[in-house]
Every structure is written in structure tokens, then in C-alpha cells.
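Protein chains: 2
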Amino acid sequence: MAIRDLTSERLYVDSGLSEGQHIVLSEDQAHYLLHVLRLTAGASLLVFNGRDGEWRADLKDVKKRGATLAVIERVREQTAASDIDYLFAPLKRSRLDYMVQKAVEMGVSRLRPVITHRTIAERINLERMRANVIEAAEQCGVLNVPDVSEPVRFDKAIDAWSDGRTLIFCDESASAEAPLDTLAAIGHGPLAVLIGPEGGFDPVERNLLLSRPFVTAIWLGPRIMRADTAAVAALALVNATRGDWR
Amino acid sequence: MAIRDLTSERLYVDSGLSEGQHIVLSEDQAHYLLHVLRLTAGASLLVFNGRDGEWRADLKDVKKRGATLAVIERVREQTAASDIDYLFAPLKRSRLDYMVQKAVEMGVSRLRPVITHRTIAERINLERMRANVIEAAEQCGVLNVPDVSEPVRFDKAIDAWSDGRTLIFCDESASAEAPLDTLAAIGHGPLAVLIGPEGGFDPVERNLLLSRPFVTAIWLGPRIMRADTAAVAALALVNATRGDWR
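This is the structure:
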């Protein structure tokens, strides 16, 4: 890992990437490169699309509201995506942005908002969430851009669960068993991590979870955490025991 | 652990705590309880001082700018403090607040700001940092309030190191060894976790670190992280292998 370097310039694009290709930037992308990053014609940057690895590209044909990228050479091969779902109860706006960024930095493959009884966010702006995911991927050197699912009611998500994926549930009422021991006892196969709302799941929701065979509760120590802290902590343990930190 | 419950009311006080005691609140404390939390005479809350455990207290003698707390009964015994130093390069204001809160939630015992060549924060407001530590401790059910040290230059902190404490350094250039294996190989004794500035340590600083026998570099996966994310991730692994998450 690296601590983020604030000087890196990296852009997500939709189109395919191959040598010699020219990409016409959208107005928003051109604005970002020309007026936020203040790049000028001839500047080099990194581009990626989540499929074809990372490429060096040069900024060309700079006009007032547009520009083109000339794709020069591949600098990183596409890596295999991890397979960790991240289920979370959305928080209010700025805190939610933060939570989404953190999940991308921790390498989840899908963000799945779930609406619980105590979920605080009144309305979920999926476009904003997707834009946040892309921005975090740009800044954090991620080659695989996580998917963002439509929000679903928590009980429906549990009822529709496909049993092959283990759901790791950060349970505020779990007994104090070492989380590394709990994680070591989970069988092979894909994983999901669930972080509840601030204030916790209500008793009906918690019982629903604990009644399902695909659910494993883990304990994250004796202190109270904000939801985004618990998410990073749980994903660090999952990455270290089962993910790509090995 | 519990995800933070936004309805809990908890106050740090300086004075000793014992049954039947009366505490005259400072103007700031009275303002917080009466006008921010909107408590009225007779309301119960939790108080702690970092030494005598956690007590239930009742709000009394409410006046326009003051009030008294009557200490009723102890509800939690004081717990033993952990012994994890947290060394970090301060970030700019709002990000620094966040970083301090996270460290408290993760149970560090001392916050030690270090000034590196690439540290961004121009001026460090220690009063604000201490206030932030107390606020995070109030919100996160922490009984031991971490100390905040005066900022020191990074090289001086390393030169003055007392060898008994292992310094775990989240190294962006570390070889990809599983961090749980690295942590398992560290001997007993007190620990410190060091998170560098965004943009990383400069080569002179990194060589200084790697030349010291008390330093262990750990790798935190293939992605780039913000400094506060790396801090939570590293402290989660340390708590799970060596701290109070066992």
C-alpha cells in the first residue's frame, strides 16, 4: 500500500483503451483536467476503465471546453477483482461520501446500500454515490471500479441471499471472541461485510440475521465506533485473513 | 464493539468522581448540556475522568449560564489503559480532526504528532486536538482518555526513541508480506504505530527508519490509502493481534 500522493493525476474513462487510441473527453472531464488540475496541452496522465489496465495518455487538442487524450502505452495490467460485497446502512450526505471512499480504498467489489429500521439517510442519491466511487478509484490507484447496487430493504436483502456467500456481520452485541479466530473458522468462498446503522440494528433485524446459516457475527473490541471506522476495521481484518493483503 | 449510538450523553470532567459528590460545571460544559443537548434539571447522564470509571450523574441547580452535577453511582469500573503510541504527520484542519477521532475510537493511549519533510499542516493547534480527543472519548464510550504530546520533529522523535517499544511503520514501499505474519513475528512489549504524511516519507526519513532495530515495516495491501484510512486499518490489525480485540 501507499499513503495517497496528492500530486497523482488519474482519470477514469468509459471507453475501451488501446495503443494509439484517441478519446474525446466529456465537458466535465475536460473541465476537471484543464481547470481543476490545470493541465495544459502535452501533459501526461494515467487513465483506466476498470477493464483494460492503466495507461499513460497525453492531453491534446485543448480547446476552451474540450480536449482529447491520446493513449500512449499500458503501464499496469488489469488485476483480478476481489469478491467482497459491502452492505451498509447509508448515513447522511457528507458522512456517506466518506464511507463510500473508505470502502473503495479497502478494495470492496460491490457497494450494496440497505435500508434498515434505523437508517438515517432520507433519500439516497445513487448518481452521487457512483461519482464518489469513481473519484475514490481515481485517487487510490484502484483498477477495479466497484459496482453500486440499487438500495434495497434490509430484510429483503437477507431473504434473497444466495447461500454461497458468507455474510460477516459486525455485531455490537457479539460475545468477545477474537475476530481473527472467528474469521479463521469461516469456510472458503465469497464474502460480504455488513455494517449496521448508527444506533444499531433493531432486535427483529438482529434476530433475522442471527437465524441465517450464512451469517457470521464478529466482535470488534470493547469501544464504540462510528460506522465508517467499523467498516475500515472490519475490511482490514477480512483483507488480512481472506483478501489480497496476504 | 458497538456502532455509535447518537443518543448517548456522556461528559468528560477533570475532577475526581465519588458517590454523593457535587461538580460545578464550567460555562462551556453547562452550555453544551443545556443548550446543545437541551438537557433540563433532573436529567441523568454519564460522566468519566479517565481515572475513576464511569458514573451516573444528575443535572441540578440549573441557572442561565451554569449548573451542577450530583454524582450518583458508578456504572463501570475504570479499565486498564492500552499501551499503544500513535505517531502521525498532521494533516490540514478538518482531516486532522477526523484522524484524531479515529485514533481515539481505535483505543490508542498517546497521540504523538511528528513533523516530517512532507507534513502539510502549517501550524498545529494542540488545544483543538485535545478538545477533539475528549469529544471522541465522550462519544465512543472510552474510559481512558489518550494523552496528546507536543509535536516534535520526526528525526528527533526517532533519535530519542526508547528501545523497549516496537515502532510499526506502515511502509508504502514494503515488500508484499502478509501483515498478520509480520505482526506475529514482533516480540512482546509496548507498541507504537506510525503513519506517514500523504505523499510518503522522503528517502532520507525512510532510510532513517529502516536503519533502526526497533522499527518493523508492515505492508497494507496493493491499494493507495488516505492517511486516516491506513491508520484505522493498521490499528485494527494491531488490536486484533496484540491489543484488546482478543
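Protein sequence lines correspond, in order, to chains A and B. Counted from 1, the first sequence has number 202 at position 202 by this note's numbering; the numbering is strictly sequential. Counted from 1, the second sequence has number 1121 at position 121 by this note's numbering; the numbering is strictly sequential. We put the beta carbon where it would ideally sit given N, CA and C, even for glycine.
Chain B contact for residue i (CB, 7 Å cutoff)
{"i": "residue 236 of chain A", "result": "yes"}
{"i": "residue 225 of chain A", "result": "yes"}
{"i": "residue 132 of chain A", "result": "no"}
{"i": "residue 246 of chain A", "result": "yes"}
{"i": "residue 178 of chain A", "result": "yes"}
{"i": "residue 229 of chain A", "result": "yes"}
{"i": "residue 108 of chain A", "result": "no"}
{"i": "residue 42 of chain A", "result": "no"}
{"i": "residue 142 of chain A", "result": "yes"}
{"i": "residue 54 of chain A", "result": "no"}
{"i": "residue 221 of chain A", "result": "yes"}
Test: residue i CB closer than 7 Å to a CB of chain A
{"i": "residue 1218 of chain B", "result": "no"}
{"i": "residue 1059 of chain B", "result": "no"}
{"i": "residue 1233 of chain B", "result": "yes"}
{"i": "residue 1102 of chain B", "result": "yes"}
{"i": "residue 1240 of chain B", "result": "yes"}
{"i": "residue 1016 of chain B", "result": "no"}
{"i": "residue 977 of chain B", "result": "Residue coverage of chain B in this structure runs from 1001 to 1246, which leaves residue 977 of chain B outside it and unanswerable."}
{"i": "residue 1255 of chain B", "result": "A query on residue 1255 of chain B cannot be resolved here, the shown segment of chain B reaching from 1001 to 1246 and no further."}
Residue i (DSSP reduced to helix, strand or coil)
{"i": "residue 31 of chain A", "result": "helix"}
{"i": "residue 69 of chain A", "result": "strand"}
{"i": "residue 1205 of chain B", "result": "helix"}
{"i": "residue 13 of chain A", "result": "coil"}
{"i": "residue 1232 of chain B", "result": "helix"}
{"i": "residue 46 of chain A", "result": "strand"}
{"i": "residue 1058 of chain B", "result": "strand"}
{"i": "residue 220 of chain A", "result": "coil"}
{"i": "residue 1191 of chain B", "result": "strand"}
{"i": "residue 1006 of chain B", "result": "Bear in mind that a pLDDT of 46 at residue 1006 of chain B, under 50, signals an unreliable position, so the number given afterwards is only what the model happens to contain. Reduced to three states, the DSSP call for residue 1006 of chain B is coil."}
{"i": "residue 1182 of chain B", "result": "helix"}
{"i": "residue 166 of chain A", "result": "strand"}
Through-space distance from residue j to residue i, alpha-carbon basis
{"i": "residue 53 of chain A", "j": "residue 1200 of chain B", "result": "24 Å"}
{"i": "residue 1050 of chain B", "j": "residue 1141 of chain B", "result": "11 Å"}
{"i": "residue 6 of chain A", "j": "residue 94 of chain A", "result": "Note that residue 6 of chain A scores a pLDDT of 46, beneath 50, so its modelled location is shaky; the value from the coordinates is reported in the next line. Whole-angstrom Cα-Cα distance: 21 Å."}
{"i": "residue 66 of chain A", "j": "residue 26 of chain A", "result": "7 Å"}
{"i": "residue 1135 of chain B", "j": "residue 1085 of chain B", "result": "19 Å"}
{"i": "residue 1224 of chain B", "j": "residue 1043 of chain B", "result": "47 Å"}
{"i": "residue 83 of chain A", "j": "residue 129 of chain A", "result": "20 Å"}
{"i": "residue 1213 of chain B", "j": "residue 1151 of chain B", "result": "23 Å"}
{"i": "residue 205 of chain A", "j": "residue 175 of chain A", "result": "18 Å"}
{"i": "residue 1133 of chain B", "j": "residue 100 of chain A", "result": "25 Å"}
{"i": "residue 121 of chain A", "j": "residue 161 of chain A", "result": "24 Å"}
{"i": "residue 1187 of chain B", "j": "residue 1036 of chain B", "result": "47 Å"}
{"i": "residue 17 of chain A", "j": "residue 178 of chain A", "result": "45 Å"}
{"i": "residue 33 of chain A", "j": "residue 13 of chain A", "result": "13 Å"}
{"i": "residue 1234 of chain B", "j": "residue 1220 of chain B", "result": "8 Å"}
{"i": "residue 107 of chain A", "j": "residue 1056 of chain B", "result": "42 Å"}
{"i": "residue 1245 of chain B", "j": "residue 1232 of chain B", "result": "14 Å"}
{"i": "residue 1158 of chain B", "j": "residue 1117 of chain B", "result": "14 Å"}
{"i": "residue 114 of chain A", "j": "residue 89 of chain A", "result": "5 Å"}
{"i": "residue 1147 of chain B", "j": "residue 28 of chain A", "result": "46 Å"}
{"i": "residue 137 of chain A", "j": "residue 74 of chain A", "result": "18 Å"}
{"i": "residue 222 of chain A", "j": "residue 1047 of chain B", "result": "18 Å"}
{"i": "residue 104 of chain A", "j": "residue 111 of chain A", "result": "9 Å"}
{"i": "residue 1020 of chain B", "j": "residue 185 of chain A", "result": "49 Å"}
{"i": "residue 156 of chain A", "j": "residue 183 of chain A", "result": "25 Å"}
{"i": "residue 1038 of chain B", "j": "residue 1096 of chain B", "result": "29 Å"}
Short CB-CB distance (under 7 Å) between residue i and chain C
{"i": "residue 1159 of chain B", "result": "The structure shown contains no chain C; the protein chains it does contain are A and B."}
_Using 8 Å as the cut-off, can you tell me whether the region 1060-1071 of chain B makes contact with the region 1199-1210 of chain B, which would need three or more C-beta pairs spanning the two stretches below that distance?_
no
*Please specify which runs of the beta strand (DSSP E), each continuous and at least 3 residues long, are wholly inside the region 1085-1162 of chain B, giving them in chain order.*
1110-1115
*Taking one C-beta from the region 74-82 of chain A and one from the region 143-150 of chain A each time, how about it: are there three or more such pairs within less than 8 Å?*
yes
*Is it a yes or a no for the region 222-239 of chain A touching the region 188-198 of chain A, going by three-plus beta-carbon pairs under 8 Å?*
yes
*asked:* When you compare the region 22-37 of chain A with the region 58-65 of chain A, are there three or more beta-carbon pairs, one atom per stretch, that lie closer than 8 Å?
replied: yes
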